[in-house]
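Here the working numbering is used: the first residue of the sequence shown is 15, the next is one more, and so on. A short worksheet on the structure shown next.
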Amino acid sequence: MDAALRRLKEAFVTDHKGTSDTEIALVVSLPLLFTALHQGLHLERVSATHPWLGFLVDTATLTLPTLAVICQPEHNATYANWAAAVALPLLALRWYQTAPRTGARAPAALKGKGAVAHAYAAAAASQAQSFFWNITRGGLQLMTMICILAVDFPVFPRRFAKTETFGTGLMDVGIGCFVVSSALTSGPYLLGRPSAKTMQRVTRGSTIVLFLGLARTLLTKSVNYQEHVSEYGLHWNFFTTLGLVPFVLAALRFLVPIHGFAAGIAMTLAHQFCYQNGLEDWVLHAPRQSFVSANKEGIASLPGYFALFLLGAHLATTSLRAQPRPLLALAVFYGTAYRFSLSISGTAVSRRLANTPYVLWVMATTTVYIAASRLICGACGASRVPRLFEAINANQLVVFVVANLLTGLINLSMDTLRVSDDHAMAILAAYLVVVTGVGYVLHAYRLRIH
Numbered sequence: 015m016d017a018a019l020r021r022l023k024e025a026f027v028t029d030h031k032g033t034s035d036t037e038i039a040l041v042v043s044l045p046l047l048f049t050a051l052h053q054g055l056h057l058e059r060v061s062a063t064h065p066w067l068g069f070l071v072d073t074a075t076l077t078l079p080t081l082a083v084i085c086q087p088e089h090n091a092t093y094a095n096w097a098a099a100v101a102l103p104l105l106a107l108r109w110y111q112t113a114p115r116t117g118a119r120a121p122a123a124l125k126g127k128g129a130v131a132h133a134y135a136a137a138a139a140s141q142a143q144s145f146f147w148n149i150t151r152g153g154l155q156l157m158t159m160i161c162i163l164a165v166d167f168p169v170f171p172r173r174f175a176k177t178e179t180f181g182t183g184l185m186d187v188g189i190g191c192f193v194v195s196s197a198l199t200s201g202p203y204l205l206g207r208p209s210a211k212t213m214q215r216v217t218r219g220s221t222i223v224l225f226l227g228l229a230r231t232l233l234t235k236s237v238n239y240q241e242h243v244s245e246y247g248l249h250w251n252f253f254t255t256l257g258l259v260p261f262v263l264a265a266l267r268f269l270v271p272i273h274g275f276a277a278g279i280a281m282t283l284a285h286q287f288c289y290q291n292g293l294e295d296w297v298l299h300a301p302r303q304s305f306v307s308a309n310k311e312g313i314a315s316l317p318g319y320f321a322l323f324l325l326g327a328h329l330a331t332t333s334l335r336a337q338p339r340p341l342l343a344l345a346v347f348y349g350t351a352y353r354f355s356l357s358i359s360g361t362a363v364s365r366r367l368a369n370t371p372y373v374l375w376v377m378a379t380t381t382v383y384i385a386a387s388r389l390i391c392g393a394c395g396a397s398r399v400p401r402l403f404e405a406i407n408a409n410q411l412v413v414f415v416v417a418n419l420l421t422g423l424i425n426l427s428m429d430t431l432r433v434s435d436d437h438a439m440a441i442l443a444a445y446l447v448v449v450t451g452v453g454y455v456l457h458a459y460r461l462r463i464h
């Protein structure tokens, strides 16, 4: 890449202050309304009988509307009103039609047959879990994949980009939610009873992700690709963090028992204490004179991501309980604790530091998202998950890597700063079709690459 263009692209994603957490909450919640509309119209049945027609339907009703919400936020109030006006009555009707036949209770013919009835209830609970976890993980990753390329085009609102140091941007919460999303599935077994098999599995997965991080660093520097050094550091990137977090926690689990919630809260509070006693000043102002100081953001933020993973593992077990009250109580706790932390700590949210306000903000956002997904699940009778989300989740890392590779190729092949908004939207739509299409193909052939 030309040196002058590289500097322009780096400046384009630097020094942003973010937006209000209220606007972020609106943007994150709108795709859930689109999912509710998708379910209310029974569109999941199309994918069940005609998979590739279902791909087009999912693209038109889930992927492209989410792209519009992120890149054209001036219309979000209109999108919200129309989606709610159509989706909520449809969900109410669907709930009325399915309520007598859903839930964990066995049919009358199974009453009194303890083992069979219990198995029926367990199957119903498993179906519900699959539904709202797939909606949560798939929806959050879809938004993340949109943002990583869209941010390089002027059509993407600058206030949604990653903040430089303090503030709340859409991409800030997306990174944290990705970590929590990973913890939803891998956290409970990783923090369970330690075993050599678990450690071997975690080591293999972490090695692959760390290799991807190293490859990304080498490729970025070899082609003179733009870098946002203050994001993670000179040699560090998100894949490095993503690979280290589960490996370190699994190794610690061999030494001491770990309770997700208590350990997560204790870790983020201790982390914040360190920031308030000199660590923050070092991260923000120390010169990059050694490997550690050159990657100070990535290294210093690790405890914050450890805390997110631990709290995500606890959230996974809480969301599985039959009664929704523990999940709702957790959402209230994180929301209240987030507001309280802003006033007590005397500091703002910082993704760069992964400080306590950031951890609590991400957990509040994710917990509310899961609670809303569970509400949709209840209204729909835990019907089939949109195949788009199934495909993304079945090969989450592969789809994410493909999105990153395409982002790099598109940036190297054109000057994204000079692309008009209409052309940018067309490019982003084509990019999403390819990325989600890869997930669809792998899912259609029942291929899972770990």
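Ideal placement from N, C-alpha and C gives every residue a C-beta, glycine not left out.
With a CB to CB cut of under 6 Å and the five nearest residues on each side skipped, what residues in its chain are close to residue i?
i: R119; result: The predicted model places R119 with a pLDDT of 47, which falls under 50 and marks its position as unreliable, so this point remains unresolved.
i: L446; result: T77
i: A321; result: G278, M281, T282 and V373
i: A136; result: The predicted model places A136 with a pLDDT of 44, which falls under 50 and marks its position as unreliable; any figure quoted below should be read in that light. None.
i: P340; result: T332
i: R172; result: H30
i: A133; result: Any answer about A133 is weak, because its pLDDT of 39 lies below 50 and its placement is not dependable; what the coordinates show is given next. Excluding positions up to five away in sequence, the list is empty.
i: G117; result: Note that G117 scores 45 on pLDDT, short of 50, meaning its location in the model is unreliable; the coordinates nonetheless yield the value given after this. Once the five neighbours on either side are set aside, G117 has no close Cβ partner at all.
i: P317; result: M281 and H285
i: R115; result: Annotation note: pLDDT 49 at R115 (below 50); position unreliable, no value reported.
By the DSSP assignment, the alpha helix (DSSP H) with residue i in it spans what residues?
i: V60; result: E58 to T63
i: T77; result: Unbroken run through T77: none, as it is neither H nor E.
i: H285; result: G274 to C288
i: K310; result: K310 to A314
i: P45; result: D35 to G54
i: L456; result: D435 to A458
i: G461; result: A small correction: the amino acid at residue 461 is Leu; Gly does not occupy that position in the sequence shown. Premise fails: L461 is in no alpha helix (DSSP H) and is neither H nor E.
i: F225; result: A210 to S236
i: S244; result: V243 to Y246
i: E88; result: Run containing E88: none; DSSP gives neither H nor E here.
i: F268; result: F252 to L269
i: V297; result: E294 to H299
i: L334; result: No alpha helix (DSSP H) contains L334, which DSSP labels as neither H nor E.
i: K23; result: A17 to F26
Between residue i and the rest of its own chain, which residues show a CB-CB distance below 7 Å, the 5 nearest in sequence each way excluded?
i: L248; result: R302, A308 and N309
i: Y352; result: P371, L374, W375 and A378
i: L57; result: V71 and T75
i: S364; result: T179, F180 and Y372
i: A175; result: V27, H30, V165, G183 and M185
i: T177; result: H30, K31, G32, G183, D186 and R365
i: K127; result: Residue confidence is low: K127 scores 48 on pLDDT, short of 50, so the model does not pin down where it sits. Its coordinate-derived value is still stated next. Closer than 7 Å at the Cβ level, and outside the excluded window around K127, lies no residue.
i: A300; result: S307 and K310
i: R20; result: N238 and Q240
Give me, in chain order, the residues of the same chain whose beta-carbon lies closer than 8 Å to that of residue i; leave out the 5 immediate sequence neighbours on both sides.
i: S359; result: Q286, Q290, N369, T370 and P371
i: A276; result: none
i: G451; result: F69
i: T331; result: P202 and G274
i: S427; result: none
i: A17; result: N238
i: P45; result: L76, P79, T80, V83, G153, L156 and M157
i: P87; result: E37, V41, P171 and F174
i: L263; result: L204, L205, I272, F320, F323 and L324
i: A408; result: G453, L456, H457 and R462
i: S34; result: T182
i: L22; result: L431
i: I313; result: G247, W250 and V306
In the DSSP output, which residue or residues are listed as bridge partners for residue i?
i: T182; result: T33
Subject >> Stretch pair the region 37-54 + the region 143-159: three plus CB contacts closer than 8 Å >> reply: Enough Cβ pairs lie closer than 8 Å, so yes.
**OP:** Would you be able to state if there are at least three C-beta pairs under 8 Å between the region 411-427 and the region 152-162?
**Re:** Under the Cβ criterion (8 Å, minimum of three pairs), the region 152-162 counts as touching the region 411-427.
**OP:** Say whether the region 318-331 touches the region 195-212, bearing in mind that this needs 3 or more beta-carbon pairs closer than 8 Å, one atom from each stretch.
**Re:** Because the criterion of three Cβ pairs below 8 Å is met, the region 318-331 and the region 195-212 touch.
Original post:
Would the region 211-225 and the region 270-285 be scored as touching if the rule is three or more Cβ pairs under 8 Å?
Top reply: Counting Cβ pairs under 8 Å, fewer than three are found: no touch.
Original post:
Which parts of the region 346-430 are runs of the alpha helix (DSSP H), unbroken and 4 residues or longer, counting only runs that do not cross its ends?
Top reply: For the region 346-430, whole alpha helix (DSSP H) runs of length 4 or above, ordered along the chain, are 370-394, 401-408 and 410-427.
Subject >> At least three beta-carbon pairs within less than 8 Å, the region 252-260 to the region 216-223 >> reply: They touch, by the three-pair rule.
Original post:
Okay, do the region 429-439 and the region 399-413 touch, 3+ Cβ pairs below 8 Å being the bar?
Top reply: No: fewer than three Cβ pairs fall under 8 Å.
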